[in-house]
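Here the structure comes first, spelled out in structure tokens, and everything after it is commentary.
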Amino acid sequence: MSRHYTKTTRPSQSAPASSDPDSPLCRFFTGVGPKRARALEVLGIETVSDMLYCLPRDWQDRREDAAPAAAANGVVAIKGRVVSTHHIRTSPRLGIFKARIATGERKIDAFWFKHLNYRYDVFAPVKKDVTVGTDLWVMGRGEGDLLGVREVRVEEYYLLSDPRCALHADRIVPVYDLTEGVTQRLMRELAHQAVSARAATVEDTLPMSLRRKRELLALPQALRAIHFPNSPAELEAARSRLAYDELILLELAWILKRRQTRGLAKNFCYEIKKHLLTPFRERLGFELTRAQKRVINEIFEDMRRPYPMTRLLQGDVGSGKTVVALSALLLAVENGCQGALMVPTEILADQHMATIGKFLEGLDVKTAMLTSRLSKKEREKTVAAVAAGETDIIVGTHALLEMDVQFPRLRFAVIDEQHRFGVRQRTTLRQKSLLLDLLIMTATPIPRTLALALYGDLDVSTLDEMPPDKTTAHTFHVPEEPALAALKAEAAKGHQAYVVYPIIEESSNLDLQSAKAEYERLREGPLAGLRVALIHGAMPGRTKARVMAEFGRGLWDVLVATPVIEVGIDVPNATVMVIQNADRFGMASLHQLRGRIGRGAFASTCFLVADAKTDEARQRLATLVSTSDGFRIGEEDLKLRGPGEFIGTAQHGELTLKAADLRRDAQLLALARQDAEALLAQDPRLLADDNMALRERLLAVYKKRWSTIDLA
Ligand code: ADP
Ligand code: MG
Numbered sequence: 004m005s006r007h008y009t010k011t012t013r014p015s016q017s018a019p020a021s022s023d024p025d026s027p028l029c030r031f032f033t034g035v036g037p038k039r040a041r042a043l044e045v046l047g048i049e050t051v052s053d054m055l056y057c058l059p060r061d062w063q064d065r066r067e068d069a070a071p072a073a074a075a076n077g078v079v080a081i082k083g084r085v086v087s088t089h090h091i092r093t094s095p096r097l098g099i100f101k102a103r104i105a106t107g108e109r110k111i112d113a114f115w116f117k118h119l120n121y122r123y124d125v126f127a128p129v130k131k132d133v134t135v136g137t138d139l140w141v142m143g144r145g146e147g148d149l150l151g152v153r154e155v156r157v158e159e160y161y162l163l164s165d166p167r168c169a170l171h172a173d174r175i176v177p178v179y180d181l182t183e184g185v186t187q188r189l190m191r192e193l194a195h196q197a198v199s200a201r202a203a204t205v206e207d208t209l210p211m212s213l214r215r216k217r218e219l220l221a222l223p224q225a226l227r228a229i230h231f232p233n234s235p236a237e238l239e240a241a242r243s244r245l246a247y248d249e250l251i252l253l254e255l256a257w258i259l260k261r262r263q264t265r266g267l268a269k270n271f272c273y274e275i276k277k278h279l280l281t282p283f284r285e286r287l288g289f290e291l292t293r294a295q296k297r298v299i300n301e302i303f304e305d306m307r308r309p310y311p312m313t314r315l316l317q318g319d320v321g322s323g324k325t326v327v328a329l330s331a332l333l334l335a336v337e338n339g340c341q342g343a344l345m346v347p348t349e350i351l352a353d354q355h356m357a358t359i360g361k362f363l364e365g366l367d368v369k370t371a372m373l374t375s376r377l378s379k380k381e382r383e384k385t386v387a388a389v390a391a392g393e394t395d396i397i398v399g400t401h402a403l404l405e406m407d408v409q410f411p412r413l414r415f416a417v418i419d420e421q422h423r424f425g426v427r428q429r430t431t432l433r434q435k436s437l438l439l440d441l442l443i444m445t446a447t448p449i450p451r452t453l454a455l456a457l458y459g460d461l462d463v464s465t466l467d468e469m470p471p472d473k474t475t476a477h478t479f480h481v482p483e484e485p486a487l488a489a490l491k492a493e494a495a496k497g498h499q500a501y502v503v504y505p506i507i508e509e510s511s512n513l514d515l516q517s518a519k520a521e522y523e524r525l526r527e528g529p530l531a532g533l534r535v536a537l538i539h540g541a542m543p544g545r546t547k548a549r550v551m552a553e554f555g556r557g558l559w560d561v562l563v564a565t566p567v568i569e570v571g572i573d574v575p576n577a578t579v580m581v582i583q584n585a586d587r588f589g590m591a592s593l594h595q596l597r598g599r600i601g602r603g604a605f606a607s608t609c610f611l612v613a614d615a616k617t618d619e620a621r622q623r624l625a626t627l628v629s630t631s632d633g634f635r636i637g638e639e640d641l642k643l644r645g646p647g648e649f650i651g652t653a654q655h656g657e658l659t660l661k662a663a664d665l666r667r668d669a670q671l672l673a674l675a676r677q678d679a680e681a682l683l684a685q686d687p688r689l690l691a692d693d694n695m696a697l698r699e700r701l702l703a704v705y706k707k708r709w710s711t712i713d714l715a
């Protein structure tokens, strides 16, 4: 039990000294010496202001009438009067002090556990405080029955006569992240000092008009209430206010970034000539879906604008993104420009080349492929043709980004399966030509709210409709045996199958070894008699291409594969997929993988083979079994794992939200976006008196990270 705080923390004590927000804690706060100051630094708290903005990670309801509810999660706060005390020595090292406490109609046993010390009585302070007849609060882990708490293992206690009761008991108290040498109690007292000293005088950066419109708490009140709320409702209001602040700053920053791109003039005007587009459409052999038509229009409109396009195209696996990309590429070619299509894997590059070859046969469009698989001579030839402007459409992997690859007429580029690339690659492609129109495609379904927050500087198009008569794979979570039996039955009908093993990290040798071993086991055991091939990422490019082509031609019944096949493979005769150790894949990957089957007219089945050990893993698999809607899967994933995962793949360091939670605050985010747009429409440089504070804050928060923020 800490005894360092003999003084109470009344505002009057610290207010004058620490009203400067940047004053270091240790100089002005009661209870912080150099040693504590160093511990607090670990938590990122150096100044009064840091403390004020150090948001609790949770809250604990210690109000008297909240005790029964609080007992449910094990942490209780109980007020009562001591009726008896008892000192027990259990072992030479551990001692227990017990107090029976009467609270309402009940009696509760409170226990203090302490390591004994032969030099002094570790229980002396407790014995002095806790005597028969004392009124006090005890807080700690409670145990009880249906009627309520019976026992408490005491972590904190306060005598009713102690003025600190007002801060630590009978209220909703904040719970902070801790580090060694820093207790909840210390944090609470420091937060209280910070709030008392500083909260009332912080400048509210939000214009009054917005605060009124959205009925938000004033900043001083929000900062007080986030630490010490008077009620759950006030806490929620405070959280909303602080979340809104973060979100509107984020949205303002996005809009400004976008405005800047729009300031660039690409000095080129596309015309829709149709001498390529029309024959292309005729060759498709199917009618475009309404969604495809709408998105193609959106892209064409963008391309015809005077500033460069940056558009994200989201569409579930199989929604037909390739045709959309090809249409845009052809518009570029019709206008005498070059277009590039960048993909994450060689297999996918092959696949796209085949598709393009099929749809553009007989048209005057020169295509070429650039991957690391090419021999030195082939590469030189291709690079030379591209540089001479002879090639119209170039399909390739990140090999396209190499320094010596120069495109004299490049005006349009597509990045397919962008979630497989990093932000750096997107930027490098942009650098090849600043005025490039960029189309970024992804099948990793990102919930709309998150897409807005993550890609706020992009325009977003969504293919929300699947081509007709595309069958979705029925998915089951089963043991291996029935899955392989079903696979054999399909093979007997002349269909093909994939068996997929996880390689979570491309470099993981262990995973690769086990995939190879499994291939041997399947080939000799359960799948004996079938023609089984193996494909994995570590194979030479040529071998991969050969195996894939052979599988496409039906020379193999079963392809044992690592996730190299995750994107782009299109073999209509493949109707079964068995995913081994499915619990090791993320939901988005599983959804992508099963999108590889059901691409023909046949019914198809996906078996998830997994011994899911946690509830979360089971929940994830259950979601995949129950729905084939990629966007719903994205939403579920977001609920289960939080946005961290998505943000990780999106690699946006900008997104540092403390109070806002994209899962809960979707609506608030939409409002913040609306408000940010309206605000900048009215006052493009945020120079109005009422907006000055917000302007300063925006520059302070984002200027460091984005040199591009420009309010001049
Ligand atoms: P993804 O969005 O996953 O990249 P693809 O572009 O590979 O999807 O399309 C999946 C399959 O659907 C392809 O075989 C493609 O030819 C076909 N397809 C695309 N659009 C249509 C359409 N409107 N009607 C019928 N089939 C289509
Ligand atoms: Mg695709």
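Take the sequence shown: its position 330, counted from the start at 1, is 333 in this note's numbering, and no numbers get skipped. Even glycine gets a Cβ: it sits at the ideal position worked out from N, Cα and C.
Secondary structure at GLU158: strand, using DSSP grouped into helix, strand and coil.
Taking the Cβ of GLU290 as the reference point, at least one heavy atom of the ligand ADP falls within a distance shorter than 7 Å. Distance from the CA of VAL157 to the CA of TRP115, rounded to the nearest whole angstrom, comes to 6 Å.
The C-beta distance from GLU67 to ASP173 rounds to 6 Å, short enough to fall under 8 Å.
Per DSSP, reduced to three states, the secondary structure at PRO470 is coil, with no helix or strand assignment. Here the C-alpha atom of LEU562 lies approximately 32 Å from the C-alpha atom of LYS380.
Counting only runs that start and end inside the stretch 140-207, the beta strand (DSSP E) elements of at least 3 residues fall at 151-162 and 175-178.
Counting C-beta pairs closer than 8 Å gives three or more between the stretch 407-417 and the stretch 334-345, which meets the contact rule. Among the bridge pairs identified by DSSP, GLN499 is matched with ALA577. The alpha-carbon of ASN338 is positioned some 37 Å away from that of GLN677. The stretch 492-501 and the stretch 460-469 do not touch, with fewer than three beta-carbon pairs separated by less than 8 Å. Of the candidates GLU206, THR204, PRO177 and ALA203, PRO177 places its Cα closest to the Cα of LEU193. At the C-beta level, ALA585 and LEU593 come within 8 Å of one another. DSSP places LEU287 within a helical segment (H, G or I) once states are collapsed to three. Only residues of its own chain outside the window of five on either side were considered, and among them VAL535, LEU537 and VAL563 have a CB closer than 8 Å to the CB of TYR522, listed in chain order.
If the five residues before and after GLY544 are omitted, its C-beta is found closer than 6 Å to the C-beta atoms of GLU349 and ARG376, all from its own chain and listed in chain order. Around PHE283, the same chain offers LEU329, SER330, LEU333, PHE362, LEU363 and LEU366 as residues with beta carbons nearer than 8 Å, after the five sequence neighbours per side are excluded. An exposed status is given to HIS118, since fewer than 16 other beta-carbon atoms sit within 10 Å of its beta-carbon. Restricting attention to GLN196, VAL198, ALA200 and PRO223, the CA atom closest to the CA of LEU209 is found in PRO223. Under the three-state reduction of DSSP output, PRO482 falls in the coil class, being neither helix nor strand. Around the Cβ of ARG227, a 10 Å sphere holds 16 or more other Cβ atoms; the residue is buried. Taking the Cα of LYS277 as reference, the smallest distance to any Cα among ARG262, VAL336, ILE258 and ARG667 is reached at VAL336.
Runs of beta strand (DSSP E) with 3 or more residues, each lying fully within the stretch 76-138, are found at 78-92, 97-106 and 109-118, listed in chain order. Along the stretch 511-585, the beta strand (DSSP E) occurs as fully enclosed runs of 3 or more residues at 535-538, 561-564 and 577-583, listed in sequence order. In its chain, beyond the 5 residues on either side, LEU315 have a beta carbon closer than 6 Å to the beta carbon of TYR458. The ligand ADP has a heavy atom closer than 7 Å to the beta-carbon of LYS324. If you look at ARG314, you'll find it in the beta strand (DSSP E) that goes 313-318. Linking GLY184 to PHE126 through their CA atoms gives a straight-line distance of about 21 Å. For VAL398 against MET356, the beta-carbon gap comes to about 6 Å, under 8 Å, which counts as contact. Bridge pairing for THR608: HIS477 and VAL579 [DSSP]. The Cβ atoms of MET312 and ALA197 lie no closer than 8 Å to each other.
Contact between THR106 and LYS82 holds: CB atoms are separated by about 6 Å, below the 8 Å threshold.
Under DSSP, TRP257 shares a beta bridge with no residue. Secondary structure note for GLY459: it is in no alpha helix (DSSP H), with a DSSP letter that is neither H nor E.
For GLN63, there is no enclosing alpha helix (DSSP H); the residue is found in the beta strand (DSSP E) stretching over 61-64.
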